[in-house]
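Number of protein chains: 4
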Amino acid sequence: MTGKAQILVDPSPRVEEMIFTGPSRARLDAVAELVCYWEPGRMPDEDVERLLPKTDIIIGQTHLDRERIDRAERLKAVINVKANWEPFIDYEYLQAKGIYVLTVAPCMGPAVAEWCLGAAIDIGRGITKADGLFRAGKEAYSLAGNRDAVSLFDAEVGLIGYGNLGRSLVPLLRPFRPTIRVYDPWLHERYLEAEGVIPSSLDHALNESQYLFLLAGVSTDNEGFLDADKLDRIKKDACVILGSRAEIVDFPALLERAEAQAFRLAVDVYPEEPVPPTDPIREAEHLVFSSHRAGGIPDSYKRIAEWMADDIEQILKGLPPLRLQRAEPTLAAKMRSR
Amino acid sequence: MTGKAQILVDPSPRVEEMIFTGPSRARLDAVAELVCYWEPGRMPDEDVERLLPKTDIIIGQTHLDRERIDRAERLKAVINVKANWEPFIDYEYLQAKGIYVLTVAPCMGPAVAEWCLGAAIDIGRGITKADGLFRAGKEAYSLAGNRDAVSLFDAEVGLIGYGNLGRSLVPLLRPFRPTIRVYDPWLHERYLEAEGVIPSSLDHALNESQYLFLLAGVSTDNEGFLDADKLDRIKKDACVILGSRAEIVDFPALLERAEAQAFRLAVDVYPEEPVPPTDPIREAEHLVFSSHRAGGIPDSYKRIAEWMADDIEQILKGLPPLRLQRAEPTLAAKMRSR
Amino acid sequence: MTGKAQILVDPSPRVEEMIFTGPSRARLDAVAELVCYWEPGRMPDEDVERLLPKTDIIIGQTHLDRERIDRAERLKAVINVKANWEPFIDYEYLQAKGIYVLTVAPCMGPAVAEWCLGAAIDIGRGITKADGLFRAGKEAYSLAGNRDAVSLFDAEVGLIGYGNLGRSLVPLLRPFRPTIRVYDPWLHERYLEAEGVIPSSLDHALNESQYLFLLAGVSTDNEGFLDADKLDRIKKDACVILGSRAEIVDFPALLERAEAQAFRLAVDVYPEEPVPPTDPIREAEHLVFSSHRAGGIPDSYKRIAEWMADDIEQILKGLPPLRLQRAEPTLAAKMRSR
Amino acid sequence: MTGKAQILVDPSPRVEEMIFTGPSRARLDAVAELVCYWEPGRMPDEDVERLLPKTDIIIGQTHLDRERIDRAERLKAVINVKANWEPFIDYEYLQAKGIYVLTVAPCMGPAVAEWCLGAAIDIGRGITKADGLFRAGKEAYSLAGNRDAVSLFDAEVGLIGYGNLGRSLVPLLRPFRPTIRVYDPWLHERYLEAEGVIPSSLDHALNESQYLFLLAGVSTDNEGFLDADKLDRIKKDACVILGSRAEIVDFPALLERAEAQAFRLAVDVYPEEPVPPTDPIREAEHLVFSSHRAGGIPDSYKRIAEWMADDIEQILKGLPPLRLQRAEPTLAAKMRSR
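Protein chains in written order, with the numbering used here: chain A, 1 to 338; chain B, 1 to 338; chain C, 1 to 338; chain D, 1 to 338.
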């Protein structure tokens, strides 16, 4: 087995089915020796220490300080299989040594975008609501049942945040020929224009959008930036879809306004998950609930497995990775888990 | 007012707000004298007889036999504002005389397509279902809540029927990069290929599709063609969306299979509407109900009003209409109301 | 052979290879009896008279007055294989009798659009010119050779005429993300907006366009409408491509301005064809000549053959044609050959 | 002026108009102090040494070894304004220190793609050739002049190399609905599939393509890889466009085959530039010459200026660059200038 590459697989809290869906495991076995740790928790230190010097690639959030990195002489890439950036991995030092730091974050984009679109049509057209009315024998037909139906066609759309989620969503919206405004303080307005969207201030996006997609990640800068005051700027009866992280918004204020029918709302994420069984929000009317289901569908995990295999094959051939996202040191620092 | 064109508006069962949403009425008033009949039912014969000789355009389903048509010497167009072709209008004779016979049918396409897409994502991703589970305190998070979630991305999609509805739906599906098979016995396979879809037999489309959109109109040929035997060919756990007319399918057999979870189902149309209050289908589980709400949203009626105004302006200038659909005599005969 | 359909093929001045390229002849033989007249000129009257009562479809410009049409009891379609509308065919009466009048005009659209795009890049980027300079040893490299190079990316583009040619060209231009203005007096501005182009007055289109595509057909109304005065409104150094018909423009004035380098020019059509051998325009500098080659490439004739076969198969099944264009009676009258 | 950023501009052999077209200079002046060296050759060492400690951004190919980089304590980015990677800049060390290494290479992509498309249509449709025939009084009209005309519509297309040039070209080809095969040994086949192209072996791409775009960069691995044997695999009468670098091909063998009409050819780059005045290739028939004009048009330099300004604004705000390309250390080493 001399010369075969070695991959250390230490993905907790991801489990095997999240990492190796489909034929990807077999593809990796063909090019490398895999050493996997599937127990709950992380691979024991003694195993890590022993394996590091011969490891070419690490999949997971194994603790990696400078000393460990220096001893991992063959290390070519570290693949972060969670969305967060852990403080116990020295990303800057990895990058300084020319080691790829990759993340599977974009693999979730398509599924989240699909859910966001489905949720937007749901609350715009009243799909979940109509099902309830029909079952209650209270349905109305045709125009009588559609008095408040709004449509994405030619609509004013706002995206708060244009990272992986926003970039996955925009192509799904295009055939509706909407006007798309984007607020994202990390992106240059000329870059946004080149993407075919309209750079916008936060207030303008909130005021003007019939559909408002909340897709920003949480950084050290922006926690709760959608506070009560900002929420009051949302256009009356807009369709608001919270698809990224609950921490970006004053969550109680958001729900309060939805219940008061200031706007329509679909929510996938919560400040605390699981939501406590007796949490009164379960009774809230006039909104559609999901349970952190926008991204983590089987197809997303299959995409992770495939893209990892693709990029590992590239890297072991001495070629740059193409599919996973490279860490952006500046931003990774801001995006770190608390 | 000499020389100003005259438009006879006799749209029953459409009502004023369905025909003249937005500024369209003002646009028509600028180019013609409108004589409208908004009472329930059709314009009285004596009014029609009196007005016909000076009428340039008829909006509605006014009875038009050969004799009347011959007397309407200035008549340039008849605009059918319902989806059906009425037997008491002699379409062939109108066309023989070079009078445009136009229908607003395509104006409903975008809204129906949007609903179909929303319904497909709903049953594929479990949006309505998840809302119910959350409210019942039975939700599961992330992958645990997504065991049976399927996605339109790269999916096998089947369209049964490729008329106005199918043609409106396909562009909305494209960004998901699906394989799209179409069964439509009225369309040449080379035409379908040029549209970028795969011509398919009915059985093949039923067998292969993870998402199956039932979008055929009802003709004299095809009533109930999706019978129990055909329904049994649908792929296990497919997402089936009934968006056109209930008459094309053995409706009780369809619901029975959905309840038995042979496939997932969203339904917008019923053999009898309104559905009787005590109809047991209201209790059926494992499907999403709508109430003939796919097409008739305010935006659709606004589109009707605008497209009519656009085409009337064209016709009164001596130019051909561009927006509404022209009757296809061969097919109109097959599509006639019973 | 009882019951087999009969097709009368009388296509002069089109010749066999223009009509039956590829396997289309075999496809038609499978569904019909073909009676073809390939000699120069039209099928003799006595043959026509004898064949008419059993003819289902006519391909060509056979003389068809009312009397003949009345005797052609089985006639279902007449397919015009030239771009012009001949006065000796009574199109209105054919249509009054529910007989399809079809034209192959749209089959030429793709090839013309491709040529127009190639010609636009040629004169914008100096492709033909650079080849001449290189051969003369006078070439300059990189920016020094590109001082006057202009690009379609983000350019201001004008289309004069938006029929088959314009509609084929616009999709080819889209990836350059240009602003596209269209002047077409037969089309409603709201129709043009829905096509994603900007309706424009003629003067505005002439003034503003860096690339100007002259694509209008000739009608009884518009001969020479691009007169010297209009040509003087063209933006300095614009790239002008004449791709439809020379009759729409004051041709000598057009060439004079190109030679004076008021704008750049590519020309495919001429007032008289072939251009006389000693015509001084052959010496004209600063423009690119073609010789009525934009549309009539082998692929276009193959498309004609295929689309005819497709539509004939449809019609013989009792279904409407889908590929060829139907005559528009109002416009056909205006477009008739002189 | 304390605290204002400092930009060192040392772009030789690029000159001022290539770097600061349009309003970009003013944008940079607003956010930084610019120190520019426009003389022929590079900024004198003593100036560089003096300026380095206070420099935030370097535009150009200033010599940068480890020692200099260590002294440039504020340095945030080095922007390479040439396509080549110079050996006297220590890119790895820059990256190890978290300093962005950016290149303007993608700014040339659109112009090169446009030229390649124009050249492909030119030799496929015979545009330059037809102009010569017309001027010689030898033109033929319509089909007679189009016997050998081929079209991009539905064509078999091959790309040799899929870097910035290929990625810019593919969107321009899409509306022709071609089959696109790509040979690029640095790219994973699954990445190419996700791009909507068909990964292909070199031989297969050469054999099957009616249009063949030679777009590979020169690396240490691939010089002259398109040798006489490979060139003999090109499909008879294919349209070959050499748009990247002459070094990838056996240039004399390429021209010999074009003259023998084995295939059609358009060439923009040469082994030696300028081509010697008396080089016999200037007499070669059956091909179209350009003079390294594909990329360097005014619009490309304008794009460089804008994208640099955009990214400098981002970087000076502490945000990552979005427009220019980041150096890929693995590949940069392979792509270095000789």
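The beta-carbon is built from N, C-alpha and C at its ideal position, and this holds for glycine as well.
Note that the coordinates shown come from a computational prediction; the quantities given were computed from them, not determined experimentally.
Asked	Found
Check whether the Cβ atoms of Ile-180/C and Ser-151/D sit closer than 8 angstroms, and answer yes or no.	no
DSSP state of Ile-99/D, grouped into three classes?	coil
Tell me whether the beta-carbon of Arg-293/A lies closer than 8 angstroms to the beta-carbon of Asn-222/B.	no
With DSSP run on the structure shown, which of helix, strand or coil describes Leu-255/C?	helix
Using 8 angstroms as the Cβ pair cut-off and three pairs as the minimum, do the region 232-252 of chain A and the region 260-270 of chain A touch?	yes
Assuming Ile-69/B contacts Tyr-100/B under a Cβ cut-off of 8 angstroms, what Cβ separation, rounded to an integer in Å, is found between them?	The pair is not a contact, with the Cβ atoms about 13 angstroms apart (cut-off 8 angstroms).
Give a yes or no on whether 8 angstroms exceeds the smallest Cβ distance from Gln-314/A to chain D.	yes
In the DSSP assignment, find the unbroken beta strand (DSSP E) run with Ser-297/C in it and report its ends.	Correcting the residue type first, residue 297/C is Ile in the shown sequence and not Ser. No beta strand (DSSP E) holds Ile-297/C; DSSP gives it neither H nor E.
Find the nearest neighbour of Pro-110/D within the set Gly-243/D, His-188/D, Lys-54/D and Ala-205/D, judged by alpha-carbon distance.	Gly-243/D
Quick check: what's the CA-CA separation for Leu-319/D versus Thr-330/A?	7 angstroms
Quickly, what does DSSP pair Glu-156/D with across the bridge? List them, please.	Thr-179/D
Can you say whether Phe-88/B is buried or exposed, counting buried as having 16 or more other CB atoms within 10 angstroms of its CB?	exposed
Can you check whether the C-beta of Trp-186/C is within less than 8 angstroms of a C-beta belonging to chain B?	yes
My understanding is that Ile-123/A touches Val-288/A, with C-beta atoms under 8 angstroms, so please give their C-beta distance in whole angstroms.	6 angstroms
Helix or strand or just coil, what does DSSP make of Tyr-191/D?	helix
Note the first and the last residue of the continuous alpha helix (DSSP H) segment covering Asn-164/D.	164-173
In the DSSP assignment, find the unbroken alpha helix (DSSP H) run with Val-351/B in it and report its ends.	With chain B represented from 1 up to 338, any question about residue 351/B goes unanswered, as that position is not in the structure.
Counting only Cβ pairs nearer than 7 angstroms, list the residues of chain D close to Pro-11/C.	Ordered by position in chain D, no residue passes the 7 angstroms Cβ test against Pro-11/C, which lies about 13 angstroms from the chain.
Which chain D residues sit within Cβ distance under 8 angstroms of Arg-190/A?	Glu-306, Asp-310 and Arg-323
Determine the extent of the beta strand (DSSP E) in which Glu-208/D is found, giving its start and end residues.	It is not in any beta strand (DSSP E) - Glu-208/D instead sits in the alpha helix (DSSP H) that spans 202-208.
Give the range of the beta strand (DSSP E) segment to which Glu-33/D is assigned.	32-36
Thinking C-alpha only, which one of Gln-314/C, Ile-57/C and Leu-202/C is nearest Leu-34/C?	Ile-57/C
So Thr-330/C contacts chain B; which residues on that side make the cut at Cβ distance below 8 angstroms?	Gly-318, Leu-319 and Pro-320
Just the Cα atoms here: how many angstroms apart are Pro-44/D and Val-9/D?	12 angstroms
Please report whether the beta-carbon of His-63/B lies at a distance below 8 angstroms from any beta-carbon of chain A.	no
Which of helix, strand or coil does DSSP assign to Val-48/C?	helix
Below 7 angstroms CB to CB, which residues in the same chain sit around Leu-28/C once its five sequence neighbours on both sides are set aside?	Ile-7, Leu-34, Ala-309 and Ile-312
Under 8 angstroms by Cβ, that's how I've got Glu-139/C and Ala-149/C pegged, so tell me the actual separation to the nearest angstrom.	Going by Cβ atoms, the distance from Glu-139/C to Ala-149/C rounds to 13 angstroms, so no, they are not a contact pair.
Alpha carbon to alpha carbon, what distance is there between Gly-224/D and Glu-49/D?	40 angstroms
Give me whichever residues DSSP pairs with Val-197/C in a beta bridge.	Answer is none; Val-197/C lacks a bridge partner.
On the DSSP bridge list, what partners appear for Gln-6/D?	Glu-33/D
Give a yes or no on whether 8 angstroms exceeds the smallest Cβ distance from Lys-339/D to chain A.	The shown model of chain D, from 1 to 338, leaves out residue 339/D, and the question about it has no answer.
Check each residue of the region 133-156 of chain C: if its Cβ is closer than 7 angstroms to any Cβ of chain E, include it; give the result in chain order.	Protein chains A, B, C and D are contained in the structure displayed, whereas chain E is not.
Classify Ala-238/D as helix, strand or coil using the three-state DSSP reduction.	coil
Name the chain B residues that come within less than 8 angstroms of Ala-130/A, Cβ to Cβ?	Phe-289, Ser-290, Ser-291 and Arg-293
Skipping 5 residues on each side, what residues in its chain have a beta carbon closer than 8 angstroms to that of Arg-338/B?	Unreliable positioning characterises Arg-338/B in this predicted model, as indicated by a pLDDT of 42, which lies under 50. The coordinate reading is nonetheless provided below. Taken in chain order, the list of residues that qualify is empty.
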